[in-house]
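Colleague:
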Amino acid sequence: MREKCFNFYFRVTGLLRSGQMKWKERPLWYDVYVANPPQTELSADASLPIRKLYYKEDIAMARFYKQFRSVGAISISNEESESLCKKFIDLYKTIEEKWPELSEDEHYKKTLMVLNKKLSLQKRRISVQKPFI
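Residue numbering for the sequence shown follows our numbering, starting at 6 and increasing by one per position.
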């Protein structure tokens with residue numbers, strides 16, 4: 006059985022009217038809500054579609070982890086260490102800003118090339134593996 010969600014405004018109003026909550030103890034948002042009520046009330050019965058939220062880098066990150074399943078462990082206690090994926094995403098954003106005319110695929114390939122060059126200087130190179138199907 007699905008429980009109905011009641012509006013917080015009406016709950017607080019009920020508490021104020023019944024004396025369970027003092028006027029001085031009302032939440033800060035209560036006055037804002039009274040001054041600017043929403044144009045349409047949302048209800049639990051509303052059948053709004055749930056939207057998928059993606060950041061720009063989520064696609065590149067998913068592709069990176071699909072191609073490189075095991076990229077090694079990092080110490081989470083050391084705040085200075087960055088994961089390989091974090092380095093990749095930071096570099097991906099930089100390349101995307103530098104060359105906006107390139108396609109998403111070209112950004113990805115260029116980022117891999119630059120990252121490999123940087124890592125080869127550090128004696129740690131990522132090997133390109135075939136994606137797992």
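Glycine is no exception: its CB is placed at the ideal position from the N, C-alpha and C atoms.
Compare the C-alpha of Tyr97 against each of Glu106, Thr116 and Lys91 and name the closest.
Modeller: Among Glu106, Thr116 and Lys91, the Cα nearest to that of Tyr97 belongs to Thr116.
Colleague: Looking at the unbroken alpha helix (DSSP H) that takes in Gly19, where does it start and where does it end?
Modeller: Gly19 -> alpha helix (DSSP H) spans Phe13 to Ser23.
Colleague: In the structure shown, what three-state DSSP assignment does Ala78 receive?
Modeller: DSSP places Ala78 in coil when its eight states are reduced to three.
Colleague: Exposed or buried, what is Tyr70 when buried is set at 16 or more other beta-carbons lying within 10 Å of its beta-carbon?
Modeller: With fewer than 16 Cβ atoms within 10 Å of its Cβ, Tyr70 is classed as exposed.
Colleague: Let me know the secondary structure DSSP gives Met66 once reduced to three states.
Modeller: If DSSP states are grouped into helix, strand and coil, Met66 belongs with the helices.
Colleague: For the segment 93–109 against the segment 57–66, are there 3 or more C-beta pairs whose distance is under 8 angstroms?
Modeller: Yes, since at least three Cβ pairs between the segment 93–109 and the segment 57–66 fall closer than 8 angstroms, the two stretches touch.
Colleague: Taking the alpha helix (DSSP H) that Tyr35 belongs to, which residues open and close that run?
Modeller: First-last of the alpha helix (DSSP H) with Tyr35: Leu33 to Ala40.
Colleague: For Met6, count the other beta carbons within 10 Å of its own beta carbon; 16 or more makes it buried, fewer makes it exposed. Which is it?
Modeller: Note that Met6 scores 36 on pLDDT, short of 50, meaning its location in the model is unreliable; the coordinates nonetheless yield the value given after this. Classification for Met6: exposed.
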